[in-house]
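In full-length UniProt numbering, the protein residues as written are 1 to 201.
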């Protein structure tokens, strides 16, 4: 069975956000939790990402949004051993790395992360989903990021930041990119004990 790890962005993903909806739909799923959802200090967010991934025994697919995308890409670059268990990464509406720096937001930092992220490479199968009118990463910057990461982006049009505010309480298109869960393994018709194990209340 594949295990899905949800990686939200700044503020976390509220109950009606498509990441939270997805988490409730999946059997094997967990979420990276941050100590402060409103303080995106990259090294701290990476540490929580690594702790979450290390705790999972199954193969993993990552579903990240906004600053969670930057956290994911940086964590994989800094901890390449994680690639052994991560079979797929889906990056949805990544945040603009120029808006962030070592203190969290770029306005509070000495420098920003634009050059850093443009020099990173991704070594696991990755889908990048972008929007033409994302207020947090304009389309030309998104294409430059895709080029830097050597990814062919999936452009879903005028979708804003692909969040609740832009109408994405659910995100059915995402199913096209997810590795399907093996919810019910094969049960032998000749072994009643397996039925009792699976279905006894």
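All residues carry an ideal CB built from backbone N, CA and C; glycine is no exception.
Checklist entry - Should residue 71 be labelled buried (16 or more other beta-carbon atoms within 10 Å of its own) or exposed? => result buried
Checklist entry - Using the rule of at least 16 other Cβ atoms within 10 Å of the residue's Cβ for burial, across every protein chain shown, is residue 41 buried or exposed? => result buried
Checklist entry - Closest by CA to residue 168, which one among 109, 92, 144 and 143? => result 92
Checklist entry - Per DSSP, which one or two residues make a beta bridge with residue 88? => result 61
Next on the checklist: On the DSSP letters alone, give me the boundaries of the beta strand (DSSP E) that residue 31 sits inside.
Outcome noted: 29-31
Item to check | residue 123 burial status per 10 Å Cβ neighbour count (16 or more: buried) | outcome: exposed
Checklist entry - When the distance is taken between beta carbons, is residue 133 closer than 8 angstroms to residue 158? => result yes
Item to check | Sequence-distant residues of the same chain with beta carbon closer than 6 angstroms to residue 20, five excluded per side | outcome: 13
Item to check | Which residues DSSP lists as bridging residue 155, in chain order | outcome: 130
Item to check | Simplified DSSP assignment, three categories, for residue 122 | outcome: coil
Checklist entry - Does the count of Cβ pairs from the region 93-112 and the region 129-146 closer than 8 angstroms reach three? => result yes
Item to check | Unbroken alpha helix (DSSP H) run spanning residue 46, endpoints | outcome: 42-54
Item to check | Of the residues 116, 115, 100 and 117, the one placed nearest residue 109, counting alpha carbons only | outcome: 100
Checklist entry - Roughly how many angstroms separate the alpha carbons of residue 59 and residue 113, rounded to a whole number? => result 30 angstroms
Next on the checklist: Can you list, in chain order, the residues of its chain with a C-beta nearer than 6 angstroms to that of residue 29? Leave out the 5 residues immediately preceding and following it.
Outcome noted: 4 and 23
Item to check | Residues sharing a beta bridge with residue 5, DSSP | outcome: 30 and 62
Checklist entry - Could you give the residue range of the alpha helix (DSSP H) that holds residue 73? => result 67-78
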